[in-house]
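Residue numbering for the sequence shown follows my numbering, beginning at 5 and increasing consecutively.
C-beta: ideal position from N, C-alpha, C; glycine also.
Quick caveat: nothing in here was measured; it's all calculated off a predicted structure.
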Amino acid sequence: MKIHEYQAKELFRAFGIPVPRGRVAVSGAEAEAVASELGGERWVVKAQIHAGGRGKGGGVRIARSLEEVGRATSELLSTRLITAQTGSEGRQIRRVLVEEAVTIDRELYVGMLVDPGSGRPVLIVSHAGGMEIEEVARSTPERIRREVIDPYLGVRAFQTRRISAWLGLGADSAGAFGAILRNLFRLFCQEDCSLVEINPLVVTDTAALVAIDAKVTFDDNALFKHKEHASLRDIDEEDPLEAEASRHNVNYIKLDGTIGCMVNGAGLAMATMDLIKLVGGEPANFLDVGGAASAQSVEQAFRILLGDPKVKAILVNIFGGIVRCDRVAQGIIEAAARVSVSVPVVIRLEGTNAQEARRMLEASGFSCVVATGLAEAARRAVALAG
Numbered sequence: 005m006k007i008h009e010y011q012a013k014e015l016f017r018a019f020g021i022p023v024p025r026g027r028v029a030v031s032g033a034e035a036e037a038v039a040s041e042l043g044g045e046r047w048v049v050k051a052q053i054h055a056g057g058r059g060k061g062g063g064v065r066i067a068r069s070l071e072e073v074g075r076a077t078s079e080l081l082s083t084r085l086i087t088a089q090t091g092s093e094g095r096q097i098r099r100v101l102v103e104e105a106v107t108i109d110r111e112l113y114v115g116m117l118v119d120p121g122s123g124r125p126v127l128i129v130s131h132a133g134g135m136e137i138e139e140v141a142r143s144t145p146e147r148i149r150r151e152v153i154d155p156y157l158g159v160r161a162f163q164t165r166r167i168s169a170w171l172g173l174g175a176d177s178a179g180a181f182g183a184i185l186r187n188l189f190r191l192f193c194q195e196d197c198s199l200v201e202i203n204p205l206v207v208t209d210t211a212a213l214v215a216i217d218a219k220v221t222f223d224d225n226a227l228f229k230h231k232e233h234a235s236l237r238d239i240d241e242e243d244p245l246e247a248e249a250s251r252h253n254v255n256y257i258k259l260d261g262t263i264g265c266m267v268n269g270a271g272l273a274m275a276t277m278d279l280i281k282l283v284g285g286e287p288a289n290f291l292d293v294g295g296a297a298s299a300q301s302v303e304q305a306f307r308i309l310l311g312d313p314k315v316k317a318i319l320v321n322i323f324g325g326i327v328r329c330d331r332v333a334q335g336i337i338e339a340a341a342r343v344s345v346s347v348p349v350v351i352r353l354e355g356t357n358a359q360e361a362r363r364m365l366e367a368s369g370f371s372c373v374v375a376t377g378l379a380e381a382a383r384r385a386v387a388l389a390g
C-alpha cells in the first residue's frame, strides 16, 4: 500500500528522521496561509500523487512570494500531472505539500527494502541523489552501494562508518547520517514496510542532513497488524478496478492488453499470461480468484474484467485441485446468469471432474467456448479478441 509524501514525512518525524517544516494544502489560499506560518523567503510547492518523477513533470515549484505560492498551488490543482510512472493519462492533483526551502550542498539516495536473495533488509545508498535509482543502476552502477542488514542486530556502527566514508561525508555529517540509518531501519521493521526511500537526502550548506523527499510503501500482507494504516489509504490514487478487487479480496492487477484473465492460483495465472503473449495476444490483467473459485468470487471477477473497456475476450483457466471442476462450472453458470457478459468467453477447466464440468457448461445455455487444453484456450481467446 502506497501513501503520499506528506504522510511519509509525518512517519519520518515520528521516527526521528529530519524533514523540512511544511503542511499539506488543498487550495491556493490555504497554501499561502501555510507559507505565511512557515515564514522565510522561499517555499517549495509539491504535487501529491502516488508517482515518482514529479519534478521532471512540472509537479514541483519554487515560490519566492506568498502570491507565487498561491498561484503555483492553483495551477497544480487544476492539472493532471504526467510523469514516467503515471502513463499518458496522468494523475489529477488534489493536494499539494508546502514546505520551507532548503539550501542544498549535496544530494544522496537512501533506500531500504527486503533483499529477495537473503530474505533480509538491504540498505541501498548512492551518491546520485535526486535521480531515479533505476536509471543510476543502469547507467552508473558503481555509484550504488548495497549493505545487507541483520534483522536481529539492526544497522551496526561499523556499517554506518563504512557507508559514510564511501559517500565522503565529513565528521559533521557522519554522526547524523548514522542516526538516520538506524531510525530508517526501525521505521522499516516496526511499520512492516516493503520500501522506504529518501530521494534525495540532502546535505545542507551547514552540513545538516534533511530528507526533502519521502516514499513509504507498506506490505499489504501485514496491514491486518496496523489498523491505523487504513486511514492513510487514498483510493483516488488507485486504479478503480484494483480498488474494487481489493474490497472483495480478489487479487487483480490491471495491464494494457485485450484478453481478460480469470485464473485460480498465482503461478497458473502467470503461466496463462505468458501463453497468451506466446500466441500473439496481450493479457489485460492478472487476476487470481483463489483456490476455492466460488460462485461469488467468479461473479465478482467477471464484473471486474467487464469493467475494463479494453477487454475484448475473457479466458477462464481453472485447475480443479483444491476445488472440484464441476463446482467451479456451476459457479460460472450462476455468475453468468447474474452478470451481463458482453464479450466472448473461453473456458478451460482441468482436474477433478473436468469432463463433467465441460458437459455442464455446454448444456447450460451460457454462450462460451469450452477448450480442452490451455494452448487451445489461449489461441481461441486471442482469435476472438481480434
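Quick one: what's residue i bridged to in DSSP?
i, result
"Lys-258", "Asn-289"
"Gln-96", "Arg-84"
"Gly-324", "Gly-355"
"Arg-149", "Val-129"
"Met-135", "Its beta-bridge partners do not exist; DSSP assigns none."
"Phe-16", "In the DSSP output, where bridge partners are listed per residue, Phe-16 has none listed."
"Ala-29", "Val-100"
"Ala-67", "Trp-47"
"Ala-231", "The sequence shown places Lys at residue 231, not Ala. Its beta-bridge partners do not exist; DSSP assigns none."
"Lys-60", "Looking at the DSSP assignment, Lys-60 forms no beta bridge with any residue, so it has no partner."
"Val-123", "It should be noted that the sequence gives Gly, not Val, for residue 123. Its beta-bridge partners do not exist; DSSP assigns none."
Within 10 angstroms of the Cβ of residue i, are there 16 or more other Cβ atoms? Answer buried if so, exposed if not.
i, result
"Gln-304", "buried"
"Trp-47", "buried"
"Lys-229", "exposed"
"Ser-130", "buried"
"Glu-138", "exposed"
"Gln-359", "exposed"
"Lys-60", "exposed"
"Tyr-156", "exposed"
"Glu-146", "exposed"
"Gly-324", "buried"
"Pro-125", "buried"
"Ala-169", "exposed"
"Gly-133", "buried"
Figure out for me which residue from the options has the closest Cα to the Cα of residue i.
i, options, result
"Pro-287", "Gly-294, Leu-319, Glu-338 and Gly-269", "Leu-319"
"Thr-83", "Gly-63, Ser-92, Val-102 and Thr-90", "Gly-63"
"Ile-246", "Arg-363, Ser-122, Ala-18 and Leu-291", "According to the sequence shown, residue 246 is Glu rather than Ile. Comparing Cα positions, the closest option is Leu-291."
"Arg-363", "Cys-329, Gly-44, Gly-59 and Ala-381", "Cys-329"
"Ile-351", "Asn-357, Arg-384, Arg-331 and Val-343", "Arg-384"
"Glu-104", "Ile-53, Arg-68 and Thr-356", "Arg-68"
"Val-207", "Leu-191, Val-332 and Arg-110", "Arg-110"
"Ala-367", "Ile-128, Ile-239 and Ala-333", "Ala-333"
"Arg-95", "Gly-43, Glu-242 and Ala-218", "Glu-242"
"Lys-6", "Gln-52, Val-373, Asp-119 and Thr-276", "Gln-52"
"Thr-262", "Ile-216, Gly-44 and Ala-382", "Ala-382"
"Asp-238", "Arg-25, His-54 and Gly-26", "His-54"
"Gly-269", "Gly-369, Tyr-256, Ala-340 and Val-293", "Val-293"
"Ser-122", "Ile-153, Thr-376 and Val-140", "Ile-153"
"Arg-331", "Val-302, Glu-14 and Gly-311", "Val-302"
"Asn-225", "Asn-255, Val-38, Met-135 and Ile-308", "Asn-255"
"Leu-127", "Arg-149, Ser-143 and Glu-45", "Arg-149"
"Leu-188", "Val-373, Leu-378, Phe-370 and Ala-12", "Ala-12"
"Ile-184", "Val-214, Ser-198, Gly-324 and Ser-92", "Val-214"
"Gly-285", "His-252, Glu-136, Ala-317 and Ala-175", "Ala-317"
"Val-327", "Val-373, Arg-342 and Val-267", "Val-267"
"Gly-355", "Gly-377, Gly-369, Ile-337 and Asp-223", "Gly-377"
"Ile-66", "Ile-86, Gly-57, Leu-85 and Glu-45", "Glu-45"
"Ile-97", "His-8, Glu-36 and Arg-17", "His-8"
Tell me which residue opens and which closes the alpha helix (DSSP H) that residue i is part of.
i, result
"Val-38", "32 to 42"
"Ala-381", "378 to 388"
"Pro-22", "Unbroken run through Pro-22: none, as it is neither H nor E."
"Thr-164", "161 to 171"
"Lys-281", "270 to 282"
"Cys-265", "Cys-265 -> not in any alpha helix (DSSP H); beta strand (DSSP E) instead, spanning 263 to 267."
"Pro-313", "That residue, Pro-313, is in no alpha helix (DSSP H); it is neither H nor E in DSSP."
"Gly-369", "Where Gly-369 is concerned, there is no enclosing alpha helix (DSSP H), given that its DSSP letter is neither H nor E."
"Ala-178", "175 to 194"
In the DSSP assignment, find the beta strand (DSSP E) that holds residue i and state where it starts and stops.
i, result
"Asp-109", "108 to 118"
"Ser-198", "197 to 208"
"Val-332", "Per DSSP, Val-332 belongs to no beta strand (DSSP E); it is in the alpha helix (DSSP H), 329 to 342."
"Ala-249", "Where Ala-249 is concerned, there is no enclosing beta strand (DSSP E), although the alpha helix (DSSP H) it sits in stretches over 244 to 251."
"Phe-222", "219 to 222"
"Ala-375", "373 to 375"
"Leu-236", "Run containing Leu-236: none; DSSP gives neither H nor E here."
"Leu-213", "213 to 215"
Chain C beta carbons: is any one of them nearer than 8 angstroms to that of residue i?
i, result
"Val-64", "Judged by its chain identifiers, the structure shown contains no chain C, having just a single protein chain."
**Message:** Does the region 19 to 39 come into contact with the region 63 to 76, if we say contact requires no fewer than three beta-carbon pairs (one atom in each stretch) closer than 8 angstroms?
**Reply:** Cβ pair count under 8 angstroms is three or more, so yes.
**Message:** Three Cβ pairs or more, each shorter than 8 angstroms: is that satisfied between the region 378 to 390 and the region 347 to 357?
**Reply:** A contact exists between the region 378 to 390 and the region 347 to 357.
**Message:** With three or more C-beta pairs closer than 8 angstroms as the rule, is the region 107 to 127 touching the region 200 to 210?
**Reply:** The region 200 to 210 makes contact with the region 107 to 127, as at least three CB pairs between them are under 8 angstroms.
**Prompt:** Is the region 159 to 166 in contact with the region 228 to 236, if contact means three or more CB pairs nearer than 8 angstroms?
**Reply:** In short, these stretches do not touch, since the Cβ pair count stays below three.
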